[in-house]
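Visitor: Note that our numbering has the sequence shown beginning at 5, numbered continuously upward.
Here it is, the structure in full.
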Amino acid sequence: MSNNEVLDFLRAKNPYELEYLQAVEEVIGSVRKVLDRHPEYESLKILERLTEPERIISFRVCWMDDNNEVQVNRGYRVQMNSAIGPYKGGLRFHPSVNYSILKFLAFEQIFKNALTSLPLGGAKGGSDFDPKNKSDNEIMRFCQAFMLELYRHIGDFTDIPAGDIGVGAREIGYLFGTYKKIKNEFTGIITGKGEYWGGSAIRPEATGYGLIYFASHMLETKDDSLEGKKCLISGSGNVAQYAIEKILDKGGVPITASDSNGFIYDPDGIDREKLAYIKKLKNGDRGRIKKYTEVYTEAKYTAYSHDDDHNPLWKIEADCAFPCATQNEVNALDAQTMVKNKLLVLAEGANMPCTPEAISILQSSAVLYAPGKATNAGGVAVSGLEITQNRMGVYWNREQVDNNLKHIMKDIHNVCLKVAAEYGSPGNYLEGANIFAFVKVAEAMKAQGII
Ligand code: NDP
Ligand code: 2IT
Numbered sequence: 005m006s007n008n009e010v011l012d013f014l015r016a017k018n019p020y021e022l023e024y025l026q027a028v029e030e031v032i033g034s035v036r037k038v039l040d041r042h043p044e045y046e047s048l049k050i051l052e053r054l055t056e057p058e059r060i061i062s063f064r065v066c067w068m069d070d071n072n073e074v075q076v077n078r079g080y081r082v083q084m085n086s087a088i089g090p091y092k093g094g095l096r097f098h099p100s101v102n103y104s105i106l107k108f109l110a111f112e113q114i115f116k117n118a119l120t121s122l123p124l125g126g127a128k129g130g131s132d133f134d135p136k137n138k139s140d141n142e143i144m145r146f147c148q149a150f151m152l153e154l155y156r157h158i159g160d161f162t163d164i165p166a167g168d169i170g171v172g173a174r175e176i177g178y179l180f181g182t183y184k185k186i187k188n189e190f191t192g193i194i195t196g197k198g199e200y201w202g203g204s205a206i207r208p209e210a211t212g213y214g215l216i217y218f219a220s221h222m223l224e225t226k227d228d229s230l231e232g233k234k235c236l237i238s239g240s241g242n243v244a245q246y247a248i249e250k251i252l253d254k255g256g257v258p259i260t261a262s263d264s265n266g267f268i269y270d271p272d273g274i275d276r277e278k279l280a281y282i283k284k285l286k287n288g289d290r291g292r293i294k295k296y297t298e299v300y301t302e303a304k305y306t307a308y309s310h311d312d313d314h315n316p317l318w319k320i321e322a323d324c325a326f327p328c329a330t331q332n333e334v335n336a337l338d339a340q341t342m343v344k345n346k347l348l349v350l351a352e353g354a355n356m357p358c359t360p361e362a363i364s365i366l367q368s369s370a371v372l373y374a375p376g377k378a379t380n381a382g383g384v385a386v387s388g389l390e391i392t393q394n395r396m397g398v399y400w401n402r403e404q405v406d407n408n409l410k411h412i413m414k415d416i417h418n419v420c421l422k423v424a425a426e427y428g429s430p431g432n433y434l435e436g437a438n439i440f441a442f443v444k445v446a447e448a449m450k451a452q453g454i455i
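The following block contains the structure:
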């Protein structure tokens with residue numbers, strides 16, 4: 005099948021999986037030139053095989069809430085591709101979780117993991133469970149019920165999950181504890197563990213830090229830096245918090261943060277004290293970002309409205325933008341506004357935060373744009389380092405892991421530019437990332453035969 009026929013086939017087969025089709029279409033758009041150079045990929049049906057998950061597990065999760073009522077959720081694991089290593093990717097707990105969302109995330113993960121240079125295949129999982137307004141005991145009971153089924157599908161050389169939206173240190177602890185109890189073994193079957201029980205230093209920080217290392221390299225190509233740059237950040241979870249922290253380290257000025265209800269704009273900048281407040285609010289009290297303006301009255305809160313045709317956060321004039329919340333949070337109107345405001349850089353912290361229309365507007369402007377599979381790969385890269393430490397039975401300190409992370413992000417940045425130039429699209433990070441990762445995975449699939 006030609007590329008277009010593969011897409012038409014997928015559209016007919018998965019008509020409601022809009023996010024999945026979006027992610028596939030983007031990659032297919034980039035790899036046309038690769039297939040001209042490698043006609044054997046077509047006869048080996050690499051695209052058809054890459055877009056059909058190797059395995060999808062879906063299961064019932066029953067648990068008791070604090071009122072002794074039985075609750076039923078659906079759990080999933082999408083084991084997308086194991087050509088270059090065991091399945092690897094996060095777990096998302098959010099009411100929006102469905103096949104489309106997890107297949108798009110697992111598909112993206114194949115290429116992201118290939119970019120890290122570590123031997124990791126692609127996967128994603130999670131549940132439509134909503135962790136908001138649940139007690140700690142309810143979270144624990146849900147995680148235990150979820151792992152009671154998931155445990156038989158994962159393993160340290162089979163599939164190694166981690167966190168994502170709604171799954172942080174607390175959930176990873178309960179999930180790991182349950183696995184250990186069932187299997188009676190202490191192995192590295194999940195990453196993002198606490199640092200004193202098998203976790204890696206810098207894993208909580210890795211995605212946000214890696215994002216800002218990458219963005220700094222992007223600015224360096226223009227002999228520029230983050231020093232003094234006003235930065236827009238969406239989200240206020242794991243990725244956003246550590247992106248803000250690293251922006252501060254680099255002398256930048258973060259001025260926004262958000263959650264699903266609204267965003268805060270602090271014209272004076274979110275300094276270290278204010279960031280500590282956000283961390284406590286979000287990770288400890290699990291409160292809403294609106295509270296920030298009760299303490300820091302110079303900041304303004306704007307609630308999101310369902311009628312908004314775009315996200316007003318992106319209207320604020322700034323130099324850099326880091327969407328760190330969720331998919332499709334930057335649309336064409338947002339991108340047009342950013343271009344008009346002479347934004348310098350947009351680097352994606354979240355997975356697929358820009359719509360295809362937004363990407364093409366950014367790419368045909370002077371804005372430097374780089375996709376999440378390259379810019380947010382620091383998280384899974386340090387997960388890979390956690391796996392290595394677990395297998396070796398060693399602990400690497402913060403400096404060692406951070407140095408590794410810096411090297412990995414620099415290498416990803418450089419390989420994207422190198423491959424983009426080789427394929428006639430200089431400066432196109434998206435094309436460089438897709439082509440480099442696709443060829444790597446395709447070669448592994450070719451070597452391993454038709455299975
Ligand atoms: P968290 O759960 O820690 O934080 C998510 C943040 O995004 C919260 O502020 C949340 O607000 C907001 N958010 C979630 N869903 C929506 C929505 N539908 N609309 C608006 N805001 C929303 O997740 P992470 O920080 O870990 O993940 C953020 C993004 O980064 C995701 O796209 C994830 O896939 C990606 N990512 C994460 C990595 C990691 O290591 N954690 C690695 C690479 C990518 P609220 O509290 O209101 O829900
Ligand atoms: O999207 C991602 O890369 C993650 N949620 C982290 C995956 C991982 O296995 O660390």
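Beta carbons are placed, not taken as given, at the ideal position from N, Cα and C, and that holds for glycine.
Please return the same chain residues whose Cβ sits closer than 6 Å to the Cβ of Y183, not counting the five positions on each side in sequence.
Guide: Only M151, Y155, I193 meet the Cβ criterion.
Visitor: Just to confirm my understanding: we take Y20, look at its own chain, exclude 5 residues before and 5 after, and list those with CB closer than 8 Å. What are they?
Guide: The residues are S104.
Visitor: Hey, how far is the Cα of Y399 from the Cα of F180?
Guide: If you take the alpha carbons of Y399 and F180, they lie about 18 Å apart.
Visitor: Using the C-alpha atoms, what's the distance from A205 back to E199?
Guide: E199 and A205: Cα-Cα distance of roughly 6 Å.
Visitor: Is the closest heavy atom of ligand 2 to the C-beta of G431 under 6 Å?
Guide: Outside the cutoff, so no.
Visitor: What does a CB cutoff of less than 7 Å around G3 pick up in its chain, not counting 5 residues either side in sequence?
Guide: Nothing can be reported for residue 3, as the shown portion of the chain is limited to 5 through 455.
Visitor: Measure the beta-carbon distance from I88 to L119 and round it to whole angstroms, keeping in mind my assumption that it falls under 8 Å.
Guide: The Cβ separation is near 11 Å, so there is no contact.
Visitor: Just curious, the alpha helix (DSSP H) that M68 is in, first and last residue?
Guide: Taken as a continuous stretch (DSSP letters only), M68 belongs to no alpha helix (DSSP H), being part of the beta strand (DSSP E) at 59-68.
Visitor: Please indicate yes or no: does the CB of D272 lie closer than 6 Å to some heavy atom of ligand 2?
Guide: No - ligand 2 has no heavy atom lying nearer than 6 Å to the Cβ of D272.
Visitor: By DSSP's criteria, A374 is part of a beta bridge. Which residues make up the other side?
Guide: According to DSSP, which records beta bridges pairwise, A374 is partnered with A351.
Visitor: Let me check you understand the geometry: is the CB of S264 closer than 6 Å to at least one non-hydrogen atom of ligand 1?
Guide: Answer for S264: yes, Cβ within range of ligand 1.
Visitor: Do F161 and A441 count as a contact pair if the criterion is CB distance below 7 Å?
Guide: Going by C-beta atoms, A441 is not nearer than 7 Å to F161.
Visitor: Between A329 and ligand 3, is the CB less than 6 Å from at least one heavy atom?
Guide: Ligand 3 is absent from the structure shown, which contains only ligand 1 and ligand 2.
Visitor: I need the boundaries of the beta strand (DSSP E) containing F326, first residue and last residue.
Guide: Per DSSP, F326 belongs to the beta strand (DSSP E) from 324-327.
Visitor: Given this structure, state the Cα-to-Cα distance separating E321 from A378, to the nearest angstrom.
Guide: So the two alpha carbons sit approximately 25 Å from each other.
Visitor: Quick check: H310 and N335, are their CB atoms within less than 7 Å of each other?
Guide: Contact flag unset, no.
Visitor: Is the beta carbon of Y296 sitting closer than 7 Å to the one on A307?
Guide: Their beta carbons are not under 7 Å apart, which means Y296 does not touch A307 by this criterion.
Visitor: Would a C-beta distance cut-off of 7 Å place K55 and V28 closer than the cut-off?
Guide: A quick correction: the sequence has Thr, not Lys, at residue 55. Yes, Cβ-Cβ distance for T55 and V28 is below 7 Å.
Visitor: Tell me, please, which residues DSSP counts as bridged to D168.
Guide: Bridge partners of D168: V171.
Visitor: For V458, which residues of its own chain have a beta-carbon under 8 Å away from its beta-carbon, when the five flanking residues on both sides are left out?
Guide: Examination of residue 458 is not possible in this model, given that the chain is present from 5 through 455 alone.
Visitor: Cutting at 6 Å between CB atoms, please list the residues of its own chain near I169, excluding the five before and the five after it.
Guide: Counting only Cβ-Cβ distances below 6 Å, and skipping sequence neighbours, we find R96, H98.
Visitor: Under 7 Å, do I259 and D270 count as touching if we go by C-beta distance?
Guide: Yes; because the gap between Cβ atoms is below 7 Å, this pair is in contact.
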